[in-house]
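**Student:**
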Amino acid sequence: MDLIFFGVGLSVIFIILLPLAFYLKAKKLRTVEDILEHGNRYYSLNIFMALHGLLHYGSVFLFDWYAKRYNLLSDRDKVPAHVSRLFKVYFVIFMLCALLMFSSVFFE
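Okay, so the sequence shown: first residue is 2 according to this note's numbering, each after it adds one.
1) Going straight from the alpha carbon of glycine 54 to that of isoleucine 48, what length do you get?
2) Determine the burial state of leucine 4: buried for a count of at least 16 other Cβ atoms within 10 Å of its Cβ, exposed for fewer.
3) Exposed or buried, phenylalanine 108, counting other C-beta atoms within 10 Å across all chains shown (16 or more means buried)?
4) With a CB to CB cut of under 6 Å and the five nearest residues on each side skipped, what residues in its chain are close to phenylalanine 88?
5) For methionine 46, which of Leu37, Leu97 and Arg31 has the nearest alpha-carbon?
6) Closer than 6 Å by C-beta to serine 105: which residues in its own chain qualify, once you throw out the five before and the five after it? Chain order, please.
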C-alpha cells in the first residue's frame with residue numbers, strides 16, 4: 002500500500018505537474034511577474050526558480066494572508082482569472098502529490 006501511494010504521487014508529478022510547470026514557465030509566469038513584481042523577473046530565470054515561483058504565486062492566489070504578507074493583495078486582482086486558476090491548480094495538485102508521497106511512510 003505504501004509503494005502504491007508513493008508511486009501514484011511520483012507519477013502524477015512527472016506526468017501532470019512537470020509538463021504544466023514547463024507550460025506555465027513558458028507562457029504565463031512572465032505575465033504574472035510583470036503584474037505582481039512590476040517587471041522584476043525573479044522566478045522565470047530557470048526551471049528550478051520557476052518551480053519555486055509557481056508554488057509562491059499559487060499560494061499568493063489562494064491565501065489572502067500570504068498575499069498580504071508580501072504586499073501583493075491589491076495587485077493580484079489585476080492578474081487574469083484563467084491565469085490565476087492555473088497557478089491554484091498547480092499548487093493544489095502539488096500539495097496532494099506531496100501528501101500522497103509522504104503519507105506512504107505511515108502505511109506498512
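Here a beta-carbon is modelled for each residue, glycine too, at the ideal position from N, C-alpha and C.
**Tutor:** Result, derived from the coordinates:
1) Within the sequence shown, the letter at position 53 stands for residue 54. Within the sequence shown, the letter at position 47 stands for residue 48. About 9 Å.
2) Taking the sequence shown and counting its residues from 1, the one referred to as residue 4 is at position 3. So leucine 4 counts as exposed.
3) The residue given as residue 108 occupies position 107 in the sequence shown. Looking at its Cβ environment, which holds fewer than 16 other Cβ atoms inside 10 Å, phenylalanine 108 is exposed.
4) By 1-based counting over the sequence shown, the position of residue 88 is 87. Spatial neighbours of phenylalanine 88 in its own chain (CB-CB distance under 6 Å, excluding positions within 5 residues in sequence) are listed in chain order as Tyr58, Gly59 and Phe62.
5) On the sequence shown, position 45 is the one that residue 46 refers to. Sequence inspection shows leucine at residue 46; the methionine mentioned does not correspond to that position. Among Leu37, Leu97 and Arg31, the Cα nearest to that of leucine 46 is on Arg31.
6) Residue 105 sits at position 104 when you count from the first residue of the sequence shown. These residues qualify, in order along the chain: Asp3, Phe6 and Phe7.
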